[in-house]
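This report concerns only the one structure given below.
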Amino acid sequence: MSGRGSRRGGAAVLVGGALVALVVLMALLSFLWTPHDPTLVDARVRLQGPSPAYWLGTDRFGRDLVSQLMVGARTTVYVGLVAVGIAALVGVPLGVLAAMAPRWLGELLMRANDLLLAFPALLLAVMLAAVLGAGTGVAMVAIGVSTVPSFARVVRAGSLQVLRSDFVLAARAAGRRPWGVAVRHVLPNVAGLVIVQASVAFAIAVLAEAALSFLGFGTPPPTPSWGRMLQESQSLLFTDPRLAVVPGVAVAAAVLGFNLLGDGLRDRLDPRLEARR
Amino acid sequence: MSAALLEVEGLSVAAEGRPLVGDLRFAVRSGERVGLIGESGSGKSVTALALMGLLPPGLRAGGSVRLAGRELLGAPEAELSRLRGAQVSMVFQEPMTALNPTMRIGPQVAEVLQVHGRVPDRRSAWQAAVAALADVGLPDPPALARAYPHQLSGGQRQRVVIAIALAGDPALLVCDEPTSALDVTVQGRVLELIRRGLAERGAGCLFISHDLAVVADVCERVLVMHAGRVVEAGPTRRVLTRPQHPYTRGLLAASDLGRTDEHGRLLTMDRFLAGPPPPLTEPAPPWQGTAEDGWATSGGGS
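Chains as they are written, first to last, in the numbering used here: chain G, 1 to 277; chain B, 1001 to 1302.
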């Protein structure tokens, strides 16, 4: 059983993990080294194709695409981490609370949650960005807030299941108060769900950040961002599609990586009360 | 006759108006082991949960449950939490699910001691947990305390569950089918463990089971429950050798593997019961228990 369990979702976790690792490594490496200065404008080398000096070529300002991609990965990972962090920090306690609270309060919380969930996340982010002004910080908060409901929903469902289990009854029979039950018994048993949800939410955050930057609500210039690279490529889409393909593939790979990782982890962690480790 | 430790009077449990258990009355004295037998669905486990104040949402209990003179029904949750694990604790049926799969064994045992402030710090909680594990006869307690539940066998897990239940030195232990999920070979040892744990603490026990042999082995007195009502009660030996109620006779005959019907099949319950049990909404049929059976509670012979 443990043999089969450890292999389930193995390929997805492997491929997803590799893609995610690539993005993260690119971001980390960019702090130490990039082939060129990603923001250096050099008219002499504008719109060059791939070459030994410029691996993926340059854009219309002569900026190196590889360097932009690497520093852009930084923005992607940063925005994703903070957005998912906000979503998890608010959504997880909210979900546990909604599961453990008296029925009317739980229902009230979840209906409010549904209201937020019914709102397209990107629209909410655009709205917040429009009200608060464009910027990386606003994008992170906006994406984070709009991802809260999905966390709360998943965690509530998982918590309800855990709360029905014998060991929660046993903990209560041993005199555990609700707070202790939540922290010691419910949270560790929904951790798997939270990890899965986090990696899926990360994928959504990557996409949302790119979309916001594309729309001009995200990271302001000159800081490189995949979304803005896409936007800048728009006018040259037919003359030089390379400029759109490079950041497009990067976004797709990151989103795919986080989604695969999430799916694989879900397969691996889902029969949660079976033997693990 | 010492004062009753647990006094249950007129206990009823209902799910959204539909009664599950009706007008239960019995008492358990300190150091006494009382059996509660009956088939699945007769209301045994619901009774146990009602005593602990742990009925699932939607189920309501009425009547009176007093532990050492303190009324439990309707008591605030904070007060019940203080009593649970310290004054009254419970051994569950299914050792595979009664332990938290994400928590090591040691902390799960230590938890009950910490909750009730029996130990000053984590270190002594750990030591006390290891001692409690040694006390229930588990091999290599220090290593076992660091193990996760899935690394243990069913019998070992049930020992851990018992260690947790006894760790707080409760005055009353409620056992809900503690050996039903175990191998027959392990059953006897686990029962002995429970008996010893109770004797060492002078604790009373309400022992729920459908296994007459186990009840005969453990309990001094027994209540027979059928369709939410106690239909017969008395000293174990008398009830099991000279049953008065047809249901009890049926239970006994159905567990007697030496007896078969005219077709050579083992006996089933339905041939002993005249028809469906009376609904709990109707008043209980007169029950022929006597005061000397010891079922009268504080009021004396009724």
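No residue lacks a Cβ here, since even glycine has one placed at the ideal position from N, Cα and C.
Please go through the same chain and pick out, in chain order, the residues whose beta-carbon is closer than 7 angstroms to the beta-carbon of residue i, but skip the five residues on each side of it.
| i | result |
| --- | --- |
| G1264/B | none |
| Q1156/B | L1138 |
| S1089/B | A1165, G1168, P1170 and L1173 |
| M1052/B | R1084, V1088, M1090 and V1174 |
| E1009/B | R1025, G1063, S1064 and T1297 |
| L1182/B | G1154, G1155, Q1158 and V1190 |
| D1261/B | L1267 |
| L89/G | none |
| A1015/B | G1058 and L1059 |
Identify, in the order they occur along the chain, each residue of the same chain with its Cβ nearer than 6 angstroms to the Cβ of residue i, setting aside the five sequence neighbours on each side.
| i | result |
| --- | --- |
| A27/G | A73, R74 and V77 |
| A253/G | L19 |
| H36/G | D64 and S67 |
| G216/G | none |
Taking the DSSP output, what are the residues bridged to residue i?
| i | result |
| --- | --- |
| A1015/B | R1018/B and L1059/B |
| A254/G | Looking at the DSSP assignment, A254/G forms no beta bridge with any residue, so it has no partner. |
| T1260/B | L1266/B |
| D64/G | T58/G |
| V1190/B | Note: V1190/B sits in no beta bridge, so no partner. |
If we cut at 9 angstroms on Cβ distances, does residue i have a partner in chain G?
| i | result |
| --- | --- |
| I1164/B | yes |
| G1197/B | no |
| A1078/B | yes |
| F1207/B | no |
| G1074/B | no |
| S1089/B | yes |
| R1060/B | no |
| G1085/B | yes |
| T1290/B | Note that T1290/B has pLDDT 46, beneath the 50 cutoff, so the model's placement of it is unreliable and no number is given. |
| R1082/B | yes |
| P1120/B | no |
| V1112/B | yes |
| H1116/B | yes |
| V1130/B | no |
| V1161/B | yes |
| A1098/B | yes |
For the alpha helix (DSSP H) that residue i lies in, which residues bound it at each end?
| i | result |
| --- | --- |
| L1166/B | G1154 to A1167 |
| G17/G | G10 to L32 |
| R164/G | Looking at the DSSP string, R164/G is not in any alpha helix (DSSP H), and its letter there is neither H nor E. |
| L1173/B | Premise fails: L1173/B lies in the beta strand (DSSP E), L1172 to D1176, not in any alpha helix (DSSP H). |
| L207/G | L187 to L215 |
| S1042/B | Segment: none, S1042/B is in no alpha helix (DSSP H) and carries neither H nor E. |
| S1124/B | R1122 to D1135 |
| L1054/B | From DSSP, L1054/B is part of no alpha helix (DSSP H); its letter is neither H nor E. |
| A182/G | No alpha helix (DSSP H) contains A182/G, which DSSP labels as neither H nor E. |
| A1181/B | First-last for A1181/B: undefined, no H or E at that position. |
| P1141/B | P1141 to A1145 |
Mind checking if residue i is an interface residue toward chain B, Cβ cutoff 9 angstroms exclusive?
| i | result |
| --- | --- |
| G180/G | yes |
| L160/G | no |
| H36/G | no |
| L169/G | yes |
| G95/G | no |
| R266/G | no |
| N189/G | yes |
| D166/G | yes |
| G175/G | yes |
| R172/G | yes |
| R184/G | yes |
| R103/G | yes |
With a threshold of 8 angstroms on Cβ separation, who are the neighbours of residue i within its own chain once the five nearest residues in sequence on each side are excluded?
| i | result |
| --- | --- |
| S1042/B | M1225, H1226, A1227 and G1228 |
| H1116/B | R1082, G1085, A1086 and G1168 |
What span of residues does the beta strand (DSSP E) with residue i cover, start to end?
| i | result |
| --- | --- |
| V1034/B | R1033 to I1037 |
Let me see if you follow: with CB-CB separation under 9 angstroms, is residue i close to chain D or not?
| i | result |
| --- | --- |
| V1008/B | Among the protein chains of the structure shown, namely G and B, there is no chain D. |
Compute the minimum distance between the beta carbon of residue i and the heavy atoms of the ligand ZN, and state whether it is under 8 angstroms.
| i | result |
| --- | --- |
| L1051/B | Questions concerning the ligand ZN fall outside what the structure shown contains, since it holds no ligand whatsoever. |
Those runs of the alpha helix (DSSP H) which lie wholly inside the region 1202-1247 of chain B and span at least 4 residues: Taking only runs of at least 4 residues, the alpha helix (DSSP H) segments lying wholly in the region 1202-1247 of chain B are 1212-1218 and 1236-1241.
Can you list, in chain order, the stretches of the alpha helix (DSSP H) that have 4 or more residues and sit fully within the region 223-247 of chain G? Scanning the region 223-247 of chain G for uninterrupted alpha helix (DSSP H) segments of 4 residues or longer gives 226-233, listed from N- to C-terminal end.
Restricting to runs no shorter than 3 residues, where is the beta strand (DSSP E) found entirely within the region 1057-1119 of chain B? Every unbroken stretch of the beta strand (DSSP E) spanning 3 or more residues and falling wholly within the region 1057-1119 of chain B is given here in chain order: 1059-1067 and 1088-1091.
For a minimum of 3 consecutive residues, which ranges assigned as the beta strand (DSSP E) are wholly contained in the region 82-157 of chain G? Every candidate beta strand (DSSP E) stretch fails here, since none sits fully inside the region 82-157 of chain G while reaching 3 residues.
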